[in-house]
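Take a look at the structure set out below.
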Ligand SMILES: NC(=O)c1ccc[n+]([C@@H]2O[C@H](COP(=O)([O-])OP(=O)(O)OC[C@H]3O[C@@H](n4cnc5c(N)ncnc54)[C@H](OP(=O)(O)O)[C@@H]3O)[C@@H](O)[C@H]2O)c1
């Protein structure tokens with residue numbers, strides 16, 4: 006079944022099911038991307054991201070290049086997403102880093118480019134350290150003075166320069182979206198947020214619907230992605246795929262619990278970007294839109310909400326200086 010598309014306010018269409026690239030290890034990233042394209046994925050969600058020691062945009066680009074070279078896809082059939090890291094928020098830093106990320110991918114435009122987090126940190130030159138991560142030096146978190154307005158104006162220049170077709174934001178909440186919408190000449194096409202049954206954020210979803218901003222859910226499997234960091238609450242919670250409610254709904258539809266979790270999001274209009282390095286799993290994740298949950302089932306799953314957020318700085322490292330979601 007073809008992946009449904011979501012029409013963005015920029016006029017472009019975005020596949021509703023895509024592939025997440027966070028924690029896809031460098032040695033396998035090119036093959037994983039190539040295999041995902043072969044399996045039918047067209048959207049890839051990347052970032053200038055720190056994991057272990059390296060980012061993986063170079064290797065992901067190699068996977069894309071191989072698929073294009075072998076005639077599996079054309080560039081224009083892919084939807085490649087990347088993100089602006091916190092240390093590049095100053096207006097004059099935005100275009101140069103986007104050009105570097107495009108060069109890493111081996112492409113000449115992104116389909117969508119997002120502000121990764123609404124926090125500006127001091128610039129770190131890519132020749133000194135790349136990806137730069139959260140800390141300036143040692144444990145030090147050093148803010149920069151860039152406002153979101155300055156950063157967004159530079160993001161808008163990417164569209165004018167043909168470096169990204171659409172632009173958007175990630176990890177923003179309502180207050181900041183309202184502010185951004187006051188001065189945006191180009192409205193954010195998407196908001197990417199942590200979203201799973203333990204963190205539903207219904208009011209934020211309502212706001213986005215009202216404002217015509219498409220929402221992409223990340224970490225759709227909740228704690229699954231965060232157990233490897235030994236986060237206490239991720240380890241203690243029942244994995245969503247083992248939750249009785251999810252399992253019994255999955256049994257009823259003869260689907261996997263993971264597919265139910267993804268369908269709960271897509272049926273409510275969100276896009277999803279599950280990550281799996283395993284081929285059978287990536288295929289099962291992609292095939293998550295060919296059945297429908299009942300309204301009651303959707304309500305029951307939404308009722309599991311506990312307001313539990315995993316992806317925030319204080320869960321990764323001790324910090325008394327960074328409370329993005331306060
Ligand atoms: N904007 C942001 O700040 C932000 C933050 C986090 C994530 N993201 C994006 O969202 C993407 C997805 O989020 P995520 O990577 O955190 O987590 P996720 O997709 O919710 O979960 C990934 C974890 O679940 C496992 N898994 C995947 N499919 C499975 C299935 N069908 N059955 C059993 N286990 C399964 C994977 O293991 P295997 O690989 O071994 O299958 C991996 O450990 C990321 O890759 C990234 O692109 C964005």
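Numbering (our numbering), first residue to last: 6 to 331. The beta-carbon is built from N, C-alpha and C at its ideal position, and this holds for glycine as well.
Contact test: residue i Cβ vs ligand 1 heavy atom, cutoff 8 Å
i: residue 279; result: yes
i: residue 31; result: no
i: residue 290; result: yes
i: residue 28; result: yes
i: residue 316; result: yes
i: residue 197; result: yes
i: residue 233; result: yes
i: residue 50; result: yes
i: residue 35; result: no
i: residue 176; result: yes
i: residue 283; result: yes
i: residue 246; result: yes
i: residue 223; result: yes
i: residue 119; result: yes
i: residue 260; result: no
i: residue 88; result: yes
i: residue 330; result: no
i: residue 149; result: no
i: residue 16; result: no
i: residue 229; result: yes
i: residue 66; result: no
i: residue 263; result: yes
Pairwise C-alpha distance: residue j and residue i
i: residue 147; j: residue 138; result: 12 Å
i: residue 293; j: residue 143; result: 43 Å
i: residue 68; j: residue 118; result: 20 Å
i: residue 34; j: residue 124; result: 28 Å
i: residue 7; j: residue 145; result: 47 Å
i: residue 281; j: residue 265; result: 16 Å
i: residue 63; j: residue 52; result: 11 Å
i: residue 331; j: residue 18; result: 33 Å
i: residue 133; j: residue 303; result: 48 Å
i: residue 60; j: residue 136; result: 6 Å
i: residue 13; j: residue 273; result: 16 Å
i: residue 81; j: residue 237; result: 43 Å
i: residue 208; j: residue 71; result: 42 Å
i: residue 162; j: residue 152; result: 16 Å
i: residue 225; j: residue 206; result: 13 Å
i: residue 28; j: residue 257; result: 32 Å
i: residue 40; j: residue 20; result: 18 Å
i: residue 175; j: residue 254; result: 30 Å
i: residue 131; j: residue 150; result: 19 Å
i: residue 263; j: residue 77; result: 27 Å
i: residue 285; j: residue 42; result: 13 Å
i: residue 323; j: residue 141; result: 15 Å
i: residue 96; j: residue 300; result: 45 Å
Burial state of residue i (16 or more Cβ within 10 Å)
i: residue 30; result: exposed
i: residue 103; result: buried
i: residue 211; result: exposed
i: residue 46; result: buried
i: residue 101; result: exposed
i: residue 240; result: exposed
i: residue 98; result: buried
i: residue 296; result: exposed
i: residue 5; result: No information on residue 5 is available, as it lies outside the stretch 6 to 331 that the chain covers here.
i: residue 166; result: exposed
Nearest candidate by alpha-carbon position, reference residue i, set the options
i: residue 24; options: 16, 44, 13 and 11; result: 44
i: residue 267; options: 313, 136 and 306; result: 306
i: residue 261; options: 238, 239 and 287; result: 287
i: residue 107; options: 230, 329, 85 and 233; result: 85
i: residue 313; options: 297, 298 and 242; result: 242
i: residue 319; options: 234, 198, 110 and 99; result: 234
i: residue 195; options: 232, 217 and 188; result: 217
i: residue 329; options: 321, 322, 323 and 317; result: 317
i: residue 158; options: 259, 289, 185 and 324; result: 185
CB contact below 9 Å: residue i versus chain B
i: residue 96; result: Going by chain labels, chain B is absent from the structure shown, which holds only one protein chain.
Is there contact between the segment 113-130 and the segment 166-179, where contact requires at least three CB pairs shorter than 8 Å? With the cut-off at 8 Å, the segment 113-130 and the segment 166-179 touch.
When the Cβ atoms of the segment 236-255 are set against those of the segment 199-219, are three or more pairs found closer than 8 Å? Because the criterion of three Cβ pairs below 8 Å is met, the segment 236-255 and the segment 199-219 touch.
Would you call the segment 215-223 and the segment 271-279 in contact, with 3 or more CB pairs under 8 Å? Segments in contact, yes.
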